[in-house]
């Protein structure tokens, strides 16, 4: 809580005291910090696109022993509770006297707990008529056919910087011209993009030629597709999409 100063520390202490005053009979857990109070069993993500990384939804959960509704997350909750019970029973042995280690050469086996999640009906599902959706058309000609945007740069800029982290979408557009007798027009050509976008869609002269997305946490990949250019002006448009920021260490 160092970045929030003393006020932040006081707030965390208040939260911890409030949780303990409820006396619910189960431990609580919170993110570990050097100056944080005793741990609790609840967890949670950061907000919005800074949650816990790409494809993670903001919640008071983050796979903690207790989920955001107070339900037990088994077997994690049971294992952690048993571990804490054992440590608590050995508190004096572990924290007093001299430390010594004895290898008895024995092996140990454990049993695991299992649980089944049951989906309960949502009241909103019985009242679909109250759910209203709205939409509006978006003119894509400026992006796909004209190559016009709000800003012009001579180099690529980071999406988060340009969009001020207010949008998950950013168009990159450029144009290339060929003369009628240009020898390249008759040859087989391809569009190659070194991308770090979570999702990338590529268009040439308004035609969608393909898309690609990051897989297995690897956000550096190469998109390559065969394309046909025409004589004159050609517009290359790339739609970069993000689905959350990387987890910070």
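Residue numbers (our numbering): 3 to 251.
Cβ atoms here follow ideal geometry from the backbone N, Cα and C, with glycine treated the same way.
Note that this is a predicted model, so its numbers are computed, not measured.
Item to check | Sub-8 Å separation of residue 193 and residue 206 beta-carbons | outcome: yes
Item to check | DSSP beta-bridge partners of residue 205 | outcome: 210, 239
Item to check | Rounded separation between residue 250 and residue 11 - CA only | outcome: In this predicted model, residue 250 has a pLDDT of only 45, less than 50, meaning its place in the structure is not dependable; the value taken from the coordinates is given anyway. If I take the Cα positions, the gap works out to 21 Å.
Checklist entry - So what does residue 172 bridge to, in DSSP terms? => result 242
Checklist entry - Roughly how many angstroms lie between the CA atoms of residue 91 and residue 99, to the nearest whole one? => result 16 Å
Item to check | Bridge partners - residue 177, DSSP secondary structure assignment | outcome: 237
Next on the checklist: Quick check on DSSP: helix, strand or coil for residue 193?
Outcome noted: strand
Item to check | CB contact flag (residue 173, residue 208, <8 Å) | outcome: no
Checklist entry - DSSP on residue 217, reduced to helix/strand/coil? => result strand
Item to check | Close Cβ partners of residue 180 (< 8 Å) along its chain, the five nearest in sequence each way excluded | outcome: 186, 187, 231, 232, 233, 234, 236
Item to check | Identity of the residues DSSP links to residue 2 by a beta bridge | outcome: Nothing can be reported for residue 2: it is not among the residues displayed for the chain, which extend from 3 to 251.
Item to check | Which of helix, strand or coil DSSP assigns to residue 228 | outcome: strand
Next on the checklist: On the DSSP letters alone, give me the boundaries of the alpha helix (DSSP H) that residue 145 sits inside.
Outcome noted: 143-146
Next on the checklist: Measuring straight from C-alpha to C-alpha, what distance separates residue 89 and residue 20?
Outcome noted: 25 Å
Item to check | CA nearest to the CA of residue 158, picked from 146, 148, 176, 23 | outcome: 176
Checklist entry - By DSSP, does residue 13 sit in helix, in strand, or in coil? => result helix
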